[in-house]
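Below: one structure, written as structure tokens.
Number of protein chains: 2
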Amino acid sequence: MAPFNRQTELMDKARRGASFDTYQLTCLIHGGADIVERRRAAFHRVETVANTLHQSQLPRSYANMDREEAYDEGLEWGKAAFEDGINYNHDFFDNITPRYVLSNASPFGLTTVMFIPTIELQATAEQKAYWLPLAKSGKINGAYCQTELGHGTFVRGIETTATLDFKTDEFVIHSPTLSSTKFWPGAIGFSCTHSIVLARLIIGNKDYGPHLFMVQFRSLDDGTPMPGIELGDLGLKMSYNGTCNGFATFNQVRVPRTDMLMGNAAVSQDGTYTKSPHAKLSYATLVYVRTVIIRAVAFQLAQAVTIATRYSTVREQGLGPNGMASAETALMVYKSQHYRILTNISKAYAILFSSWTCDAEYQELRRQQTKGNHSTLPFNHNLAAGLKAWSTQTAADGAEESRKCCGGQGYLMTSGLPEIVASVTATATFEGENYVLWQQVGRYLFKCIDVLKAGKSIDPQMSYLSDGYDHFFCADQAVRITASPCDARRTQFLDPAVQLSIFRHRALRLVFTIYNDLRSSTLPPADAWNQHMMNIIAAARAHIEYLVLSFFISHTHTLPDSPHQRVLTRLRSLFALTTITNPASINAITFVEDGHLSLVQLRDMKDCVNDLLAELLPDAVALTDAWDFTDASLCSALGMRDGNVYETLMSWTRQIPINVHANQKKGVYEKGWKEWVEPVLRAKL
Amino acid sequence: MAPFNRQTELMDKARRGASFDTYQLTCLIHGGADIVERRRAAFHRVETVANTLHQSQLPRSYANMDREEAYDEGLEWGKAAFEDGINYNHDFFDNITPRYVLSNASPFGLTTVMFIPTIELQATAEQKAYWLPLAKSGKINGAYCQTELGHGTFVRGIETTATLDFKTDEFVIHSPTLSSTKFWPGAIGFSCTHSIVLARLIIGNKDYGPHLFMVQFRSLDDGTPMPGIELGDLGLKMSYNGTCNGFATFNQVRVPRTDMLMGNAAVSQDGTYTKSPHAKLSYATLVYVRTVIIRAVAFQLAQAVTIATRYSTVREQGLGPNGMASAETALMVYKSQHYRILTNISKAYAILFSSWTCDAEYQELRRQQTKGNHSTLPFNHNLAAGLKAWSTQTAADGAEESRKCCGGQGYLMTSGLPEIVASVTATATFEGENYVLWQQVGRYLFKCIDVLKAGKSIDPQMSYLSDGYDHFFCADQAVRITASPCDARRTQFLDPAVQLSIFRHRALRLVFTIYNDLRSSTLPPADAWNQHMMNIIAAARAHIEYLVLSFFISHTHTLPDSPHQRVLTRLRSLFALTTITNPASINAITFVEDGHLSLVQLRDMKDCVNDLLAELLPDAVALTDAWDFTDASLCSALGMRDGNVYETLMSWTRQIPINVHANQKKGVYEKGWKEWVEPVLRAKL
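Chains as they are written, first to last, in numbering that gives the first Met the number 0: chain L, 0 to 684; chain A, 0 to 684.
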């Protein structure tokens, strides 16, 4: 039963003002009422086991926690979530934890998010038959070791070796240098029992480059590291402290030859190497994981903006815009506040819809691959890479902005926001550093244009480039930079076709301009690439933003007319128009620098944005409620669903151990007072 | 003696490639060789006391630390720094800690950064004579209580009351509501003995609004809270965990009437209230503190980018741009890396030079105020507010970008970067939330134009607005939005006069356009303000960026010709041109939306930027060395001055207590294994 006070009253009123039925949107987000109900039951069971159901109690993460206690909490959560999935036959926590972090944040989560998928994609039938049942039943706890102290995104540079010993029919796994120390893999510090290890395959004197090997890391009897393996934890990180990202060194560690994952490339007993049938087949794992990341960061941004929305609804501060109101005014009323919050809500939905398309494309790829058709892999690889780069940066920036929207209170760990911001910002780096990914996207775009120039056809999903080819290339191959002004005015900017044409014009102009700059450069290729790198990244980004908007349009167009469909349509316009006019929008200058849009048109767009904001404002709480976050999953005194912010914040604060301990000592923190404060007061200085 | 390995070799080579003498620039940054030497000695003493001098040892902050241990460390650091200042008669740590955070991060730091300055500005001569010697000698530990649970930036809304009791000649300090709980003030949890408290002055039935009162919080004998005062800590925050930001509630707490700070407003024994001679006199403290913040965040951004520069110098990854080199290439070679790093270096210097002007203006204000002349207070108040908003956002974004430049390693606490990012981002919120400050700047700009329209003169530092008035207003007061194109080409964009004219055109156009929109609006003033708020903020920001560039120009122009002057001149051009062309630059669209700059000119600017980057690249290490950070003050395995990154990182990692403890148990973290991992492995699922 929610308490009744000014804050809960404001929240209740805001919630009742929505123009649509929140549950309908929740079902859309999660894929149907059945899944919504099953998810809710799963969260309830896990939160019961982890004892996080009741918000009157200070969440354990905000008590005095050191490195070891943070890991203990992760083990407790992780075990509850992993076992719930097995016991109740669901995959809700296979990829994201009950706190909506990627499952690599759980000491048991690598099994579901990396270990099992890698076996499924890279192992032989025999290997699958052996390892999958063990992993799926939790009889072993799997991890995945790729990154080294000296090598991250540049996978080809990894140094760990796996040398075939013909005599014993084994591979010898070894760390030849300090920089070859495996560094960062999740769960390897103290949790996993087995890990797939990426190492250079060495047969005789020949180096075949990185391949995957199954290695037992710890004894199943007592957890001690296997002989020759040193394991440890990386200590405190910005977030992810519930798991033990670790390091591993190998000193001549032997594994059977048959423990190389040989679903694609293979090595026979006599050392014969059989190449993978498709050079990029091993990329499929990466595509899959990036797809998972895109979906997860939609939820993480939604978490942050849910907290900001709720707090801004009940926090009253100042006398309104221009300081002229007669009473204090909820933060949400201020334009700068609801502009930032609603824009970030629109971005969370944009990422979600993009992840749906990316998922669907991946499923289709897998269907084709089982028939031996790998032709769409380059497109999929690049779509996932580009969307990963775009969505993680968007989510990280948006989560931090949502945190800043909560002022000083957003700086407290008890607000839940620092933890969300810190966990989502990790995704900008891992599974492919974003600046590297943008360049991969650029490289793929330029290859597509090369193919077009050769008169051949490109991946159908990229067909819009053909139009650009016709438009931007003259006979002499020079780029036409002539302005082709947009002719829309006023509310025409709410038309999705107009919006998409603007994004499309920009993407084509940037892609073809930089293509021409690169191909016509007289510099050596590496220098030319470096010279133009910032423009390459900008072009790749413009391409992805065009796709994101097109996905947003297609997913809202297919919905039957309904109140929530109309709201999502407004969000889509808000997303499109603020990508152009938001002061903080990256590369916004490229929408106007060629004269495609005029100052008057930008003013029209800003007027449309103001109208959209006014229409969407009453739906802000419902648009965030719809993601269906439990209070425990937000773990935020500011983001309480009932709006009871101030009482919760003070109650949690009084329960913080340093306060409880001091209260037992007449309000003094004795150690600090005696060792440092009192000596200063009494010193003769 | 630095070890010799690949990383230290790369660092040494990079350092030797500089075009100028680093020490000359260090002396410029800190104000002379004498100060540089005295600072170095002070750091050495404090780092000796705090036992942080030797980098072979894992810094204590990265060991298992819970809330209480983090506070212990802050007390130890804080005591050492505070006492060193008194013993050696310097002010190096009065405003910033030995880790370069604002001194409110020390449990003893509020005394110097807020308590003493407030007494100096707001107390009577008699009060000063009593309190200053106590505070300056450390006989009391002072704090400053303003923010409440329900009130931050909107100071007029605070609820704590100070009611005059005529009978006893006392004020009764009281917290009438939950939301009136003092919440956030530094050092009040468990460290301070006294605090200046902002409370509403109540005499009879009349509320005179917020005034300042001196209140004893804790017994000097045993540290227990004084009767009627409840004190506690706010728990873990993103950073600032070395101090005890706290809460305080007052239950009818009595202080002598004469403990109201009566340097300006006063209350006599019979309850007669005498108004402050100048309504905005109490703003002087705020101006001072913001000036301190601007200077501090220059150093914090410099810290982050120093670490990123050093790591990027020794981290080799990938086969160069376009992946075609024959060997792995240092990160710094990649355009996207040195573009981001050098741009942030230029921003750190831009903030530093702005802080110099802001300091000088403040000193002049104080000189004038002692003569009873307060006329420049509005200008100073707004300059400090605008520079605070701009510099804190710039530093916070730049520090996070520097962290991201270090990839996965930047996510480790041992990189030092998470702590720096988390501490600098706090400044975007405290001492005036940035979005509120931008609007104050806007309000001041519009008042200036009103004054111009009335045919009167404005503050001389704002005289550029007069030119805009002539240029942008027609007789009918309508804004002329006609394009007035810039006519510069190619290397003309390196000319500071050209750069400044572009910034100036933009600022004037935005300020006068929005002024006209506001004044001609038919909406009620509050609605008009809200309608145009995003444009008001953009205009205020453009005004401040114009000032920042003008300060950068003036501070580099006054230097005699020298190698470091030439490098600073390049940095200034880089700052100016990337503010326009950087993809992440806020509001960059406003430089081009009116046609002032063409696509061809933007390409020219990008060519200039590329040339500047090539020229500056060999100086990157020296430009960061010049800030003179000790290894202990960076506290970063990635930012080691000698470049010995990998060995340090592994050495620190092995010293993390969870690893040390596990090593004593055959490599097992026993609690975790026994309680959670083993039960999963053995479960019948």
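We put the beta carbon where it would ideally sit given N, CA and C, even for glycine.
In this text, all values refer to a predicted model and were calculated from it rather than measured experimentally.
| Check | Outcome |
| --- | --- |
| Counterpart residues of ILE588/L in DSSP-defined beta bridges | Per DSSP, none; premise fails for ILE588/L. |
| Residue range of the beta strand (DSSP E) that includes GLY141/L | 141-144 |
| Contact with chain A by ASN658/L, beta-carbon distance below 7 Å | yes |
| Short CB-CB distance (under 7 Å) between ASN63/A and chain L | yes |
| Residue of GLY441/L, GLN121/L and LEU567/L minimising C-alpha distance to LYS274/L | GLN121/L |
| Cβ of LYS665/A within 7 Å of any chain L Cβ | yes |
| Three or more C-beta pairs below 8 Å linking the region 352-366 of chain A and the region 623-641 of chain A | no |
| Continuous beta strand (DSSP E) stretch holding PRO175/A: start and end | Counting along the chain, PRO175/A falls outside any beta strand (DSSP E), and DSSP gives it neither H nor E. |
| LYS166/L, DSSP secondary structure in three states | coil |
| Rounded C-alpha distance that separates GLU740/L from ASN529/A | A query on residue 740/L cannot be resolved here, the shown segment of chain L reaching from 0 to 684 and no further. |
| 4-residue-minimum alpha helix (DSSP H) runs that sit fully inside the region 371-427 of chain A, ordered along the chain | 376-403 and 416-425 |
| Beta carbon of GLY638/A nearer than 7 Å to that of ARG98/A | no |
| Residues of the region 144-171 of chain A whose Cβ lies closer than 9 Å to any Cβ of chain L, in chain order | THR146, LEU148, GLY149, HIS150, GLY151, THR152, PHE153, ARG155 and GLY156 |
| Cα-Cα separation between GLN215/L and LEU163/L, rounded to whole angstroms | 17 Å |
| Beta-carbon gap between SER572/L and LEU493/L smaller than 7 Å | yes |
| Cβ-based contacts, 8 Å cut-off: residues of the region 393-410 of chain L near chain A | GLU399, LYS403, GLY406, GLY407, GLY409 and TYR410 |
| Interface residues of the region 592-612 of chain L facing chain A [CB-CB below 7 Å] | GLU592, ASP593, LEU598, LEU601 and ASN609 |
| The alpha helix (DSSP H) enclosing ILE115/A, as first and last residue numbers | 115-121 |
| Where ILE292/A falls: helix, strand or coil (DSSP) | helix |
| LYS664/L - DSSP class collapsed to helix/strand/coil | coil |
| Segment contact flag, the region 604-618 of chain L with the region 531-548 of chain L, C-beta cutoff 8 Å, min 3 pairs | no |
| CYS322/L versus ASP168/A, VAL332/A, ARG442/A and ASP90/A, residue with shortest Cα-Cα distance | According to the sequence displayed, residue 322/L carries Gly and not Cys. GLY322/L has its Cα closest to that of ARG442/A, out of ASP168/A, VAL332/A, ARG442/A and ASP90/A. |
| Inter-residue spacing [alpha-carbon to alpha-carbon] between PHE3/L and TYR338/L | 29 Å |
| Reference THR577/L; option with closest CA among ILE340/L, VAL332/L and HIS504/L | ILE340/L |
| Alpha-carbon to alpha-carbon, LEU24/L and ALA506/L | 32 Å |
| Start and end residues, beta strand (DSSP E) containing TYR468/A | Element bounds for TYR468/A: not the beta strand (DSSP E) but the alpha helix (DSSP H), 463-471. |
| CB contact check: LYS370/A to chain L, cutoff 7 Å | no |
| Closer than 7 Å to chain L by CB, VAL676/A | yes |
| Buried/exposed call for ASP475/A, threshold 16 Cβ in 10 Å | Interpretation of ASP475/A is limited by its pLDDT of 44, a score under 50 that renders its predicted location unreliable; no figure is taken from the coordinates. |
| Euclidean distance between Cα positions of SER55/L and TRP651/L | 8 Å |
| Start-to-end residues for the alpha helix (DSSP H) that takes in ASP71/A | 66-86 |
| Any C-beta of chain A under 7 Å from that of THR7/L | no |
| Reference LEU616/A; option with closest CA among LEU648/A, ASP469/A, GLY409/A and MET331/A | MET331/A |
| Local Cβ density within 10 Å of LEU684/A, reported as buried at 16 or more and exposed below that | exposed |
| Element boundaries [beta strand (DSSP E), containing HIS193/L] | 193-202 |
| ALA247/L - containing beta strand (DSSP E), residue span | 245-249 |
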